[in-house]
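Peer 1:
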Amino acid sequence: MTTQVIDGKQIAKDVRKKLKPRIAALREKGIVPGLAVVLVGEDPASQTYVNSKGKACERLKLYSETIRKDANITQEELIEIIKSLNANDKIHGILVQSPVPSHIDELAVTLTIAPEKDVDGFHPYNVGMMLLGRGALLPCTPNGILKLLEESQIDPTGKEVVIVGRSNIVGKPVAALLMQKAKIGNATVTVAHSRSINLAEITKRADILIAAIGMPEFIKADMLKDDVVIIDVGVNRVDDSSSEKGYKLVGDVDYEGCFEKASYITPVPGGVGPMTISMLMENTVTAAEKISSVM
Ligand code: GUN
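The C-terminal position of the sequence shown is numbered 1464 in our numbering, with every residue numbered one higher than the one before it.
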């Protein structure tokens, strides 16, 4: 069987294209969807993500604000910023780039974001609604994974999905979504993680493997069965003297080694990453539609 590379860049582009008529309809009503991104500190990877989010807004002609704050900002100051964004009519989506410095309680900050502006889908209200199958603002990376499967005509119904990683951002929510009675759902889901015993035996059961552990090239070919669908969520910087930047990006999967075993595989970069940003744009438009319909 030949391996199909899932083109996240193209699918992400298609998602953005489908947003255009929705953005135009809002514009007719005098509404421009607005996204505020708050970045605390100087983490280089976070800076790259935040820049991409701003650029994506620009391309779709959405309003965007990036609020950059020093790493020594207090929790109270950060919470005041969120409160003013909650009250700002130009802003429909608020995102605080994670991670925040350790003196800040991330949950306290998330709890301050108005749930209807929580375009990350991280507020406990939105997490709860997602678990109930009633979520409107779904977390971007898990929702992007569902979209990649849908657009590649991969139906998870009845399949063994193994997720490696149990983070609040990816592992837990994608497990919840894929087990749901829904169009892209109905899977038999296993969540494995760093404490799982006999990890390779678990991953070998996977019809669909989702790697989200944050360890470069951790998943090897001998951990997989033939014709597995591989979704690689990892974005790891590894030293590379041959590159101008001095590093290259690799996923959580040994791409070259696993390629032959896979029926479908997402590359890094160009797989899940671009989807996250497009789903964020979609959530911002959805938030603007919902907020404007009740005004
Ligand atoms: N850091 C890494 N991924 C994300 C994300 O999806 N949202 C936020 N807010 N921070 C992140």
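Where is the CB? At the ideal position from N, CA and C, for every residue including glycine. A quick note: this is a predicted structure, and the numbers were derived from the prediction, not measured.
In angstroms, rounded to a whole number, what distance separates the CA positions of I1379 and G1440?
Peer 2: C-alpha separation (whole angstroms): 12 Å.
Peer 1: Take the Cβ of K1182 as the centre, count every other Cβ of all protein chains shown within 10 Å, and call the residue buried at 16 or more, exposed below.
Peer 2: Classification for K1182: exposed.
Peer 1: Does the beta carbon of C1226 fall short of 7 Å from some heavy atom of the ligand GUN?
Peer 2: Because no heavy atom of the ligand GUN lies under 7 Å away, the Cβ of C1226 does not count as near it: no.
Peer 1: Do you know whose CA, among A1369, M1348 and F1291, lies nearest T1310's CA?
Peer 2: Answer by Cα proximity: F1291.
Peer 1: Are there 16 or more other CB atoms within 10 angstroms of the CB of A1256, so buried, or fewer, so exposed?
Peer 2: So A1256 counts as exposed.
Peer 1: V1407 and P1385 look like a contact to me (Cβ under 8 Å); what is the Cβ gap, rounded to whole Å?
Peer 2: The Cβ separation is near 5 Å, so the contact holds.
Peer 1: For chain C, find out if any of its Cβ atoms is closer than 8 Å to the Cβ of V1288; answer yes or no.
Peer 2: No chain C appears in this structure, which consists of one protein chain only.
Peer 1: What does the shell around the ligand GUN hold, if a residue joins when its beta-carbon is under 6 Å from any heavy atom?
Peer 2: Result: L1264, V1265, Q1266, S1267, D1289, C1309, T1310, I1338 and T1445.
Peer 1: What are the partner residues of I1263, as DSSP defines its beta bridges?
Peer 2: Bridge partners of I1263: A1205 and D1287.
Peer 1: Is the beta carbon of H1362 less than 8 Å from the beta carbon of V1343?
Peer 2: Not in contact: H1362 and V1343 (Cβ atoms no closer than 8 Å).
Peer 1: Looking at the secondary structure, which residues open and close the alpha helix (DSSP H) in which V1437 lies?
Peer 2: It is not in any alpha helix (DSSP H) - V1437 carries neither H nor E in the DSSP assignment.
Peer 1: Under 8 Å Cβ to Cβ from P1438, same chain only, skipping five residues before and after it: list those, please.
Peer 2: Same-chain partners within the cutoff: V1404 and L1418.
Peer 1: Under 7 Å Cβ to Cβ from G1111, same chain only, skipping five residues before and after it: list those, please.
Peer 2: With the chain covering 1170 to 1464 only, the question about residue 1111 has no answer from this structure.
Peer 1: From the DSSP output, in three-state form, read off N1405 for me.
Peer 2: N1405: strand per DSSP, three-state reduction.
Peer 1: Mind checking which residues open and close the alpha helix (DSSP H) that includes T1217?
Peer 2: Element bounds for T1217: P1213 to R1228.
Peer 1: I think R1374 touches E1329, with their Cβ atoms under 8 Å apart; what is that distance to the nearest whole Å?
Peer 2: The pair is a contact, with the Cβ atoms about 5 Å apart (cut-off 8 Å).
Peer 1: On the DSSP bridge assignment, give the partners of K1430 in chain order.
Peer 2: Paired residue(s): none; K1430 is not in a bridge.
Peer 1: Can you tell me where the beta strand (DSSP E) holding V1330 begins and where it ends?
Peer 2: From DSSP, the beta strand (DSSP E) with V1330 extends over E1329 to V1333.
Peer 1: Output the distance between the C-alpha atoms of Q1244 and D1396, rounded to the nearest integer angstrom.
Peer 2: Whole-angstrom Cα-Cα distance: 48 Å.
Peer 1: Here's the rule I'm using: 16 or more other beta-carbon atoms within 10 Å means buried, otherwise exposed. How should G1297 be labelled?
Peer 2: Exposed: under 16 other Cβ atoms inside 10 Å.
Peer 1: At a cut of 8 Å, does the region 1316 to 1327 reach the region 1279 to 1288 through at least three beta carbon pairs?
Peer 2: The region 1316 to 1327 vs the region 1279 to 1288: no contact.
Peer 1: How would you label K1222, buried or exposed, when you count the other beta carbons within 10 angstroms and need 16 or more for buried?
Peer 2: Buried.
Peer 1: Nearest by alpha-carbon distance to T1217: which of Q1266, A1431 and I1382 is it?
Peer 2: Nearest C-alpha to T1217: Q1266.
Peer 1: When burial is assigned at 16 or more other CB atoms within 10 Å of the CB, is S1462 buried or exposed?
Peer 2: Classification of S1462: exposed, given that the 10 Å Cβ count is below 16.
Peer 1: Could you check the C-alpha separation between P1293 and V1422 for me, to the nearest Å?
Peer 2: Cα to Cα, P1293 sits roughly 31 Å from V1422.
Peer 1: Within a Cβ cutoff of 6 Å, which residues of the same chain sit near N1146, ignoring the five residues on either side of it in sequence?
Peer 2: Given that the chain is displayed from residue 1170 to residue 1464, the structure contains no residue 1146 and the question cannot be resolved.
Peer 1: Report yes if the C-beta distance between E1211 and A1240 is below 8 Å; otherwise report no.
Peer 2: Yes.
Peer 1: Going by CA-CA distance only, name the one from S1411, K1352, K1198 and I1263 that's closest to G1302.
Peer 2: Of S1411, K1352, K1198 and I1263, the residue nearest in Cα terms is K1352.
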